[in-house]
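A short write-up of the structure that comes next.
Protein chains in written order, with this note's numbering: chain W, 13 to 281; chain A, 28 to 351; chain U, 4 to 343.
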């Protein structure tokens with residue numbers, strides 16, 4: 013099966029020195045290669061500064077890599093011009109961590125969800141409203157919420173809204189950048205269920221960026237562990253969890269293992 | 028260091044450009060100093076022509092500008108037709124008088140604006156704040172001219188203050204203490220007019236900047252550590268709100284020479300303002316250019332000063348500047 | 004080093020460091036709406052004890068932290084109750100008295116390290132300021148003490164960090180600065196509001212370890228407020244579950260976290276995805292969720308606040324609010340299942 017997304021030897025440097033001409037470069041991504049199969053979920057796990065957000069931004073075409081290639085459905089993204097890229101963008105969507113900051117505070121939920129239609133110039137006005145309401149239904153946001161502003165919604169509801177908006181243009185790949193981190197536990201569970209359900213009904217592919225190994229383990233088929241701009245270990249989720257080989261993976265697993273697993277079961281002291 | 032040099036170079040270019048534009052506009056306005064003389068039948072055309080040639084008014088514009096620029100760089104700003112003397116010394120004296128007024132007024136304005144603004148912000152929305160806001164709004168609405176005239180009327184009616192001029196006629200005969208007192212009395216009203224004109228805007232800016240910061244999480248965290256109230260307001264809040272205020276201060280410095288024209292003219296203060304006005308009306312070209320240039324030096328210098336202050340005060344700007 | 008907690012334990016014997024009785028706090032909106040954020044919270048805290056307060060958004064946990072220190076926003080009012088700390092009622096303290104206690108006797112570690120530090124002051128200065136606010140010290144002593152305090156939270160590089168500005172430090176480092184500020188004057192109690200929310204797991208563990216060490220070395224009592232149950236396991240002595248401004252359950256950490264009695268606590272802990280496939284929540288399966296949403300407190304409805312979402316609700320739950328009942332020594336639950 014051809015991978016939906018293929019990243020090869022991606023390098024992204026930022027100038028770290030005192031002037032633009034300085035030789036000091038900060039390698040945010042230092043030769044990253046990744047393959048994501050369609051209709052699967054991949055998790056990128058790593059600590060702050062490991063480069064996972066940079067990778068997400070490059071894939072979503074928000075940043076240009078210094079070298080290396082990203083191909084989506086076999087098409088090299090770097091070879092596309094602005095217009096072609098604009099046609100492709102709807103297929104790759106991004107959901108961010110901060111539910112409050114993701115939405116224009118002056119718009120209602122319905123307007124927020126309809127925004128992609130405006131930007132891409134699709135559908136007639138009445139059609140947009142209908143489709144927007146359908147999207148809200150899909151993420152289990154009641155219609156009462158349609159006329160509310162983000163400040164009147166809870167954290168979980170805002171994230172549902174962000175997910176609804178990302179579904180507007182029927183994407184193939186959704187990148188979730190720490191999308192669950194800021195939510196309460198019970199809300200994380202709700203959103204997690206929603207994401208799984210959407211994946212099976214719409215055939216979506218997910219790329220999760222997270223530092224929460226538990227959630228990654230729960231939601232993803234493949235896990236890739238990042239450290240200092242490189243992928244140090246990757247493979248099926250089961251394998252990584254049972255026998256982590258790289259020390260970063262072990263450290264991350266160790267840090268999250270001293271947790272409450274479930275009532276009545278004490279895994280580590 | 029590089030930041031400073033870049034900014035200074037930028038400032039020099041700006042001054043250069045301004046001098047050129049001023050020269051151009053002044054020289055291109057119809058008429059010159061000698062036009063009035065030409066209308067006078069008692070002065071022969073040859074005399075007028077000779078005078079014009081003497082002052083090089085018949086040479087082409089670029090030549091005149093180049094000539095002027097050469098001299099200006101050496102500190103000689105041309106010759107005043109009206110006063111029949113070199114421009115530079117004339118300007119210095121007047122500028123000094125203006126600065127005397129404006130430095131005092133600016134100092135007092137800021138001295139008052141900071142505590143009043145901070146206090147107002149700390150009582151945001153409550154009665155004392157509303158009273159002060161209404162007062163500043165009222166003052167803002169009253170035109171500077173009306174303020175100056177009002178004070179002048181006060182002087183005339185009560186006789187407590189002199190009604191114009193720098194010093195009394197008998198200045199030279201006074202003792203040192205009396206001299207200071209005399210000067211102070213003469214300065215009192217113009218300074219008051221200037222302070223009343225600029226204070227409301229300053230207070231509002233300070234209030235707005237500080238009020239915004241008072242809601243910030245770090246202030247509440249500091250309060251949670253038991254930092255005393257006064258320190259919270261000044262060392263923490265005001266300091267965090269400083270950036271826009273520093274820019275504003277740079278602007279205050281920048282308008283030291285140019286902001287007091289109206290008050291000087293109305294209150295007969297022998298500063299740069301009245302000189303500039305006269306010279307424009309009389310087409311005294313080089314005085315006009317010189318005055319404008321002087322003012323511009325202050326304006327540009329003021330901005331440069333503000334930039335440097337910002338660089339010194341805010342570590343985040345230092346970091347961003349060195350990253351470029 | 005000041006070990007305030009130990010000293011107090013000696014002086015006060017076994018009496019509590021902090022006694023909160025029937026605390027009621029409401030927020031008043033301009034529209035006239037009243038939102039009761041805390042409705043009768045009662046708990047004690049012993050010296051050197053770590054109490055975990057577990058609550059989700061809207062439970063009132065941040066309000067609790069603010070109310071203890073008198074830092075409620077303008078529209079928040081404490082309507083009833085008492086907070087006895089070291090024998091004094093904090094709610095009746097004068098502003099000057101409160102100012103001395105904040106930072107001096109009770110340290111506060113605020114939420115979100117990236118916005119809780121002054122952006123243009125060096126962090127060393129910010130720690131010194133806390134010291135200077137409570138102790139009259141000369142410059143040299145102040146500097147030495149500041150170094151000492153920073154050294155207790157930063158294993159190395161103290162000088163450089165002391166002269167750094169917040170934006171030059173990482174999230175974990177900023178968190179440590181906040182902790183340094185909280186312990187600077189040797190308080191007997193530290194209130195930490197979501198201290199690890201924005202940190203990655205390794206840094207989280209380091210921070211929690213730091214809390215353990217500090218408790219040991221300084222004899223601190225702590226109130227650790229969080230929405231993540233995982234943080235409290237292995238750190239807290241007792242856990243308090245907050246729901247809709249009321250205490251649902253309170254008891255020893257092992258009991259509350261591993262055999263929860265209140266339906267809300269049990270449901271909450273069931274929501275967590277498991278680490279390994281063999282436990283209750285297999286991979287990629289639906290997680291247990293708590294149906295519904297937290298209640299809108301401004302509506303002021305009767306009955307148990309959790310009743311609409313409770314799987315074990317009974318008739319009486321709609322009418323009355325349950326009071327606390329002891330299920331074992333030190334373990335109390337507010338649920339009609341136990342009060343009969």
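We put the CB at the ideal spot given by N, CA and C, even for glycine.
Are the CB atoms of residue j and residue i within a distance shorter than 7 angstroms?
i, j, result
"residue 130/U", "residue 187/U", "yes"
"residue 249/A", "residue 263/A", "yes"
"residue 175/W", "residue 72/W", "no"
"residue 279/A", "residue 56/A", "no"
"residue 177/U", "residue 169/U", "yes"
"residue 74/W", "residue 128/W", "no"
"residue 167/W", "residue 62/U", "no"
"residue 325/A", "residue 281/A", "yes"
"residue 267/W", "residue 205/U", "yes"
"residue 25/U", "residue 43/U", "yes"
"residue 290/A", "residue 217/A", "yes"
Check for me: the beta strand (DSSP E) holding residue i runs from which residue to which?
i, result
"residue 25/U", "21-31"
"residue 204/W", "First-last for residue 204/W: 197-214, but that is the alpha helix (DSSP H), not the beta strand (DSSP E)."
"residue 249/U", "249-255"
"residue 80/U", "79-88"
"residue 217/W", "217-222"
Please list, in chain order, all residues of the same chain as residue i whose beta carbon is under 6 angstroms from its beta carbon, the five residues on each side excluded.
i, result
"residue 75/U", "69"
"residue 238/A", "148, 151"
"residue 121/W", "157, 158, 160, 173"
"residue 271/W", "With a pLDDT of 49 at residue 271/W, under the threshold of 50, the modelled position of this residue cannot be trusted; read the value that follows with caution. So no residue of the chain qualifies."
"residue 267/A", "240"
"residue 283/W", "Coverage of chain W is limited to positions 13 through 281, which leaves residue 283/W absent and any answer about it impossible."
"residue 232/A", "275"
"residue 334/A", "34"
Which residues of chain U have a Cβ atom closer than 7 angstroms to the Cβ of residue i, listed in chain order?
i, result
"residue 255/A", "102, 136"
"residue 234/W", "Within 7 angstroms Cβ-Cβ: nothing; residue 234/W doesn't reach chain U, min ~12 angstroms."
Would you please state the rounded distance, in angstroms, between the beta carbons of residue i and residue j? I believe it to be under 8 angstroms.
i, j, result
"residue 334/U", "residue 219/U", "Not quite, the Cβ-Cβ distance comes to about 26 angstroms (not below 8 angstroms), so this is no contact."
"residue 192/U", "residue 109/U", "5 angstroms"
"residue 16/W", "residue 217/W", "5 angstroms"
"residue 56/W", "residue 220/W", "7 angstroms"
"residue 1/U", "residue 55/U", "This structure gives no information on residue 1/U, because the portion of chain U shown stretches from 4 to 343."
"residue 247/U", "residue 300/U", "6 angstroms"
"residue 320/U", "residue 265/U", "Contact doesn't hold; Cβ gap of about 12 angstroms is too wide."
"residue 45/U", "residue 21/U", "About 12 angstroms separates the two Cβ atoms, so there is no contact after all."
What residues from chain U crowd round residue i, counting only those whose CB sits closer than 8 angstroms?
i, result
"residue 223/W", "203, 204"
"residue 174/W", "Neighbours of residue 174/W on chain U: none; closest Cβ ~17 angstroms, over 8 angstroms."
"residue 59/W", "203, 204, 205, 206"
"residue 251/A", "72, 74, 105, 106, 111, 113"
Starting from residue i, trace the alpha helix (DSSP H) in both directions and tell me its first and last residue.
i, result
"residue 29/A", "29-55"
"residue 215/U", "204-221"
"residue 199/U", "Here residue 199/U belongs to no alpha helix (DSSP H), and DSSP marks it neither H nor E."
"residue 209/A", "203-241"
"residue 279/A", "269-281"
"residue 275/U", "Unbroken run through residue 275/U: none, as it is neither H nor E."
Kindly list, in the order they appear in chain W, the residues whose Cβ is closer than 7 angstroms to that of residue i.
i, result
"residue 78/U", "Result: empty, since nearest Cβ-Cβ is about 16 angstroms, beyond 7 angstroms."
Could you name the residues of chain A that residue i contacts, counting a contact when the two beta carbons are closer than 8 angstroms?
i, result
"residue 123/U", "266, 267, 269, 340, 341, 342, 343"
In its own chain, which residues sit with a C-beta less than 7 angstroms from the C-beta of residue i, not counting the 5 before and 5 after it?
i, result
"residue 212/A", "188, 189"
"residue 258/W", "237, 244, 245"
"residue 295/U", "311, 312"
"residue 287/A", "125, 128, 129, 221, 298, 300"
"residue 32/A", "none"
"residue 324/U", "306, 307"
"residue 307/A", "315"
Which chain A residues are close to residue i, counting only those with a beta carbon under 9 angstroms from its beta carbon?
i, result
"residue 170/U", "342, 343, 346"
"residue 95/U", "What residue 95/U touches in chain A: nothing, since even the nearest Cβ is about 18 angstroms away."
What in chain W is Cβ-close to residue i, meaning under 8 angstroms?
i, result
"residue 231/U", "197"
"residue 197/U", "Neighbours of residue 197/U on chain W: none; closest Cβ ~11 angstroms, over 8 angstroms."
What residues of chain A sit near residue i, judged by a beta carbon separation below 7 angstroms?
i, result
"residue 115/U", "244"
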